[in-house]
Every structure is written in C-alpha cells, then in structure tokens.
Amino acid sequence: VRAVEDDPEYVSVGYGGLPNIEGQVELDAAYMDGDALGFGGIMAVRNIKNPIEVAYDLSRYGRNCLLAEDGAMMYAQKNGFEFRSMMTEKSRKRYEEADKNLDMERLEAYGGHDTVCVIGKDPKGSMACGVSTSGLFLKHPGRVGDSPIIGSGLYADSEIGCAAATGVGEDIMKGCLSHTVVSLMQQGIFVQEACEAALKRHMERFDRCGHASGSISVIAMDSQGRIGACTN
Ligand code: GLY
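Going by our numbering, the sequence shown opens with residue 819, and the numbers climb by one from there.
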C-alpha cells in the first residue's frame, strides 16, 4: 500500500492523488488485523505522506483508532509521521482542466477503481488488509468514502477470511460489502461465490429501489489463502 501511495502514476491514491472540488488532495486509509480484529483508519487528511502507516499504527488501539481531519493530522504530527504536499504538476493540471460545474450526484470512481486494496495471509494463518485512496475526483471537502469504514471498505478475520472493496464508496457502504463477503464465507460459501453473491444481491437490492449503482469491485481471500474477485 505504501509503494502505491508513493507512486504518482497511481493517480487516485496518495502522492499525486485526485484533488477535491477545492483543489486539495484529501486522503482516506485503513488497516485491519484479522487476529485481534484490530482496526485503524484516518479520513479526509491532507499532506500525510503515507496514510496507511498512520492507520496501521492506530490499529494497535481499542479506542480512538479511527480519526478524522485535524485530529488525524494532529496524531500523525505528534507521532512523527512524514508530511509532504501531495499535489504533483499532473494532479494540479488535472484539477485546473476539469469542469467544476459538475453534478455531485454523478461522481464516479476513477477508471472504475480508485483504491489500492491489499489483502493477505502469512504462513501462520494471520490475515490482514490495508486500503488507501484519495477518493472521488472533485468530491466535496470532508467527504469520506468506504475505504476507512470497517466492514465497508475492508474487513479481516483470520478465522474466516478477508475482503476489500473499490469503487463508489457511498454505494459500497450501503451494503457493508466487505463484511458481507466475509460473513458469506463464514456460512460456508466458497470465496469466489461469496464475492459474486454479495455483489449480485447488492445490485438486485439497488434495482428494487430504482437506484443506479456506481462501479463497485470486491476482492477476498479465505483462511486457506484461496482468492475471489468480482465487479459490477
Ligand atoms: N472507494 C473509495 C471512495 O469512494 O472514496
């Protein structure tokens, strides 16, 4: 996750990320440790070089582990995390050239995928996942997507498996999709089928209320290291 955050070629994560409507790169990141169900996240932060490092650090705590905006940046500063401007020439140009008279209700994920999601398992069976994103291009300042929200953007339980999501956060959160995938695995459904069933049911639910979903993708791994993925 850190490597993607540092690479400006990934335009929707970390350095060189997608600016909000005010021209600021605002970042969300989270980490979950599937052994202890430890969870840490930061949301709507600016100029933190590696948001995932702060999220990882916060996952040691059982309280105050999900921090927003100034509080998250204060925590990062006090604990010696590196800061830098996250705008690059390219992200500035992308912002300057974009039409700002847009319909916020039609915001879409960058190229369908806006988040780096890493899920994994070590040889001892410990599972974890980490996610990081600059969120939707031209979003409202302070807008938070699914990524730092436990159960929506990510979920890990070493006894079952882990899952993470990318796409339009508001639509992912409506189905708490990462937890739904893990929950289906807990019921004995194979990892690939769990991804497909979670997304299919979610899309059917959207259809029933006449809501057109934005793009959504999920990835998952079960406790034996078998993987699944699905997209709408
Ligand atoms: N999936 C990331 C976001 O909506 O911000």
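In this text, a Cβ means the ideal position worked out from N, Cα and C, and glycines have one as well.
- Three or more beta-carbon pairs separated by less than 8 Å link the region 832-840 to the region 904-915, which places the two stretches in contact.
- Assignment of beta-bridge partners to A854 by DSSP yields no partner.
- With a minimum length of 3 residues, the unbroken runs of beta strand (DSSP E) contained wholly in the region 903-940 fall at 933-939.
- Excluding residues up to 5 positions away in sequence, M850, I937, L972, A974, C980 and A982 lie with their Cβ nearer than 6 Å to the Cβ of C947 in the same chain.
- Excluding residues up to 5 positions away in sequence, nothing lies with its Cβ nearer than 7 Å to the Cβ of F1008 in the same chain.
- Of the residues assessed, Y879 falls on the exposed side of the cut-off, its CB having fewer than 16 other CB atoms within 10 angstroms.
- Bridge partners of I968 according to DSSP: L972.
- Residues of the same chain with a CB within less than 6 Å of the CB of Q1004, apart from the 5 flanking positions on each side, are I978 in chain order.
- In the structure shown, F899 adopts coil according to DSSP, grouped into three states.
- When rounded, the separation of the alpha-carbon atoms in E844 and K942 is 36 Å.
- Uninterrupted alpha helix (DSSP H) stretches at least 4 residues long and entirely within the region 987-1021 occur at 987-991 and 995-1004, given in chain order.
- Here H997 has G969 and Y973 as same chain residues with Cβ atoms under 6 Å from its own Cβ, once five neighbours each way along the sequence are excluded.
- Bounds of the alpha helix (DSSP H) holding L876 are P869 to L876.
- Two segments are said to touch when three or more pairs of C-beta atoms, one from each, lie closer than 8 Å; by this definition the region 1015-1035 touches the region 921-941.
- Under the DSSP assignment, D824 falls in the alpha helix (DSSP H) whose first and last residues are R820 to D824.
- Assignment of A1030 by DSSP, reduced to helix, strand and coil, places it in the coil class.
- Distance between A894 and D888, taken at the CA atoms: about 10 Å.
- Between G963 and Y913, the CB-CB gap reaches or exceeds 8 Å.
- V829: not part of any beta strand (DSSP E); DSSP gives it neither H nor E.
- Pairing F899 with I866 gives a Cβ-Cβ distance under 8 Å.
- Between V863 and A821, the gap from beta carbon to beta carbon reaches 8 Å or more.
- With a cutoff of 8 Å on beta-carbon distance, M945 and S976 are scored as near each other.
- Within 7 Å of the C-beta of L836 there is not a single heavy atom belonging to the ligand GLY.
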